[in-house]
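The structure appears right after this line, and notes come after that.
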Amino acid sequence: MELILDSIEGLIYIYEEIFWLKECLTVFKSIIVFALVKWMLKFSYGAEFFLYLGTLIGVACIFFGDIGYLSDNDVLKLIAPTCLCLLIYNKNGNIDTILFAFLIPYFITSFEFYRSFYIAIESIGSHLLIIFCIMIVKENIYLSLFISIVIGLLINFIGYNSPPGTNDLLLNPALITLSVKGLEFYTKNTRYTEFLKSFWATLLCFAYFGSWIFHCIKPICPLEYNLK
Numbered sequence: 475m476e477l478i479l480d481s482i483e484g485l486i487y488i489y490e491e492i493f494w495l496k497e498c499l500t501v502f503k504s505i506i507v508f509a510l511v512k513w514m515l516k517f518s519y520g521a522e523f524f525l526y527l528g529t530l531i532g533v534a535c536i537f538f539g540d541i542g543y544l545s546d547n548d549v550l551k552l553i554a555p556t557c558l559c560l561l562i563y564n565k566n567g568n569i570d571t572i573l574f575a576f577l578i579p580y581f582i583t584s585f586e587f588y589r590s591f592y593i594a595i596e597s598i599g600s601h602l603l604i605i606f607c608i609m610i611v612k613e614n615i616y617l618s619l620f621i622s623i624v625i626g627l628l629i630n631f632i633g634y635n636s637p638p639g640t641n642d643l644l645l646n647p648a649l650i651t652l653s654v655k656g657l658e659f660y661t662k663n664t665r666y667t668e669f670l671k672s673f674w675a676t677l678l679c680f681a682y683f684g685s686w687i688f689h690c691i692k693p694i695c696p697l698e699y700n701l702k
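Quick note, the sequence shown lines up with residues 475 to 702 if you use the working numbering.
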């Protein structure tokens with residue numbers, strides 16, 4: 475047990491002190507997850523596999539996030555490629571079940587709304603505002619990209635300055651996706667899926683390059699604020 479704890483502490487040290495190595499290791503894990511998803515889609519595995527995968531990622535993100543091993547951007551590296559892939563391959567809505575099976579368990583395990591009543595209210599308010607903005611901009615690709623970029627910047631900024639799990643409460647990509655999909659089913663408007671494609675493509679870019687951008691501008695323009 476002591477050996478395991480020492481190994482975890484060593485990994486945390488690497489993640490905190492050797493930035494480029496941390497990013498390379500996280501990208502490698504992201505590629506493994508995405509390759510596994512592509513392989514499962516190729517051989518037509520059902521939603522059950524994605525249910526287990528989403529649950530595993532959600533639980534791992536809570537545990538390793540709380541001890542400082544995974545950041546919010548690291549989590550996005552794990553889920554963004556899969557979500558974007560499922561949205562792109564979802565030609566006739568035949569992969570919606572798989573998308574839900576992947577996102578719902580991740581959302582349930584990562585969305586710690588029970589922390590306090592005020593946090594739950596803030597979470598509801600922030601997500602309602604985001605959904606309202608999406609309803610307005612969904613018909614315009616440029617406005618959709620703008621909203622997606624704003625959300626991506628906020629995820630990086632909040633993740634950089636706040637405790638683990640804060641982004642999952644205020645800007646949960648899984649909850650946003652599930653809500654937008656619900657609106658699409660209700661209104662029969664496929665523009666919501668088009669928005670989600672641009673949304674996850676933007677988050678994918680922020681996931682892989684956001685940490686580098688914030689790391690490079692930190693010496694020039696400190697971004698640390700007391701959001702804890």
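In this text, a Cβ means the ideal position worked out from N, Cα and C, and glycines have one as well.
On a predicted model such as this, the values are computed, not experimentally measured, just so you know.
* To do: Grab me the residues of Phe576's own chain with a C-beta within less than 6 Å of its C-beta, minus the 5 sequence neighbours each way, in chain order.
  => Phe524, Gly528
* Cβ-Cβ distance between Ile608 and Ile650 below 9 Å -> Contact: yes.
* Grab me the residues of Thr571's own chain with a C-beta within less than 7 Å of its C-beta, minus the 5 sequence neighbours each way, in chain order. => Cβ neighbours of Thr571 beyond the five flanking positions: Ala521.
* From Ile553 to Ala675, what distance separates their C-alpha atoms? -> 12 Å
* Which residues in the same chain as Val533 place their Cβ atom closer than 8 Å to its Cβ, once the five residues preceding and following it in sequence are excluded? -> Closer than 8 Å at the Cβ level, and outside the excluded window around Val533, lie Thr583.
* Asked: In the structure shown, what three-state DSSP assignment does Ser636 receive?
  -> coil
* Span of the alpha helix (DSSP H), counted from its first residue to its last, around Cys544 -> The question names Cys, but residue 544 in the sequence shown is Leu. Taken as a continuous stretch (DSSP letters only), Leu544 belongs to no alpha helix (DSSP H), as it is neither H nor E.
* Let me know if Thr664 comes out buried or exposed under the rule of 16 or more other beta-carbons within 10 Å of its beta-carbon. => exposed
* Are the Cβ atoms of Phe606 and Ala648 separated by less than 9 Å? -> no
* Rounded to a whole number of angstroms, what is the C-alpha to C-alpha distance between Lys655 and Ile562? -> 14 Å
* Asked: When we look at the beta-carbon of Lys662 and count the other beta-carbons within 10 Å, is it buried (16 or more) or exposed?
  -> Label assigned to Lys662: exposed.
* For Ile632, which residues from the same chain have a beta carbon less than 6 Å from its beta carbon, with the 5 sequence-adjacent residues on both sides left out? -> Thr640, Asn641
* Asked: Does the distance from the CB of Phe551 to the CB of Ser504 come in under 9 Å?
  -> A small fix is needed here, since residue 551 is Lys in this sequence, not Phe. For Lys551 and Ser504, yes; Cβs fall inside 9 Å.
* If we count the other Cβ atoms within 10 Å of its Cβ and call it buried at 16 or more, is Gly599 buried or exposed? -> exposed
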